[in-house]
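Going by the numbering used here, the first residue of the sequence shown is number 29, and it counts up by one from there.
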Amino acid sequence: MTEQTETPKEDAAPVAAEVTARLNGEEHRFSCAAGDTLLDAALDAGVPAPCSCCEGHCGTCMVQLVEGTVIMEGALALSRRDKARGLILACQAVPTAPKIVLEYDW
Ligand code: FES
């Protein structure tokens with residue numbers, strides 16, 4: 029059963045998180061320090077997460093947030109429909125929940 033992703037409160041604080049990311053048919057697990065973006069944590073762990081601009085503009089890092097909550101500084105590449113589908117930008121997303129599950133193969 030897939031856990032629903034909750035909409036974080038506006039005052040949600042960044043927290044350290046354990047992250048599971050499914051990418052190209054493989055499952056990767058890594059830690060994300062409080063305040064770090066999911067993309068930075070993935071790249072630091074050697075996970076070949078897609079990225080390009082790293083500024084929230086291009087959408088290359090778009091990923092489905094299956095479990096957990098995040099806050100994003102900017103998400104210009106996300107449409108309202110993308111957000112409704114649970115898509116986030118890994119280069120802008122900072123965890124606000126201790127467990128995060130990402131699906132790149134959506
Ligand atoms: S890498 Fe361009 S929006 Fe994240």
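Every residue gets a Cβ at the ideal spot worked out from N, C-alpha and C, and that includes glycine.
Close-in-space but distant-in-sequence residues of the same chain around residue i (CB under 7 Å, 5 per side omitted)
i   : result
H85 : L104 and A105
Same chain only: Cβ atoms within 6 Å of residue i, ignoring 5 sequence neighbours per side
i  : result
V8 : Outside the modelled stretch of the chain, which goes from 29 to 134, sits residue 8, for which no answer is possible.
Span separating the alpha-carbon of residue i from that of residue j
i    : j   : result
A73  : A40 : 25 Å
V43  : L51 : 23 Å
M100 : E54 : 26 Å
C79  : T88 : 5 Å
D110 : F58 : 25 Å
Local Cβ density within 10 Å of residue i, reported as buried at 16 or more and exposed below that
i    : result
P126 : exposed
A77  : buried
Beta carbon proximity, residue i to chain C, threshold 8 Å
i   : result
A70 : Of the protein chains in the structure, only one exists, and it is not chain C.
Sequence-distant residues of the same chain with beta carbon closer than 8 Å to residue i, five excluded per side
i    : result
A118 : T65, L66, L67, A70, A77, C79, C89, M90, V91 and L130
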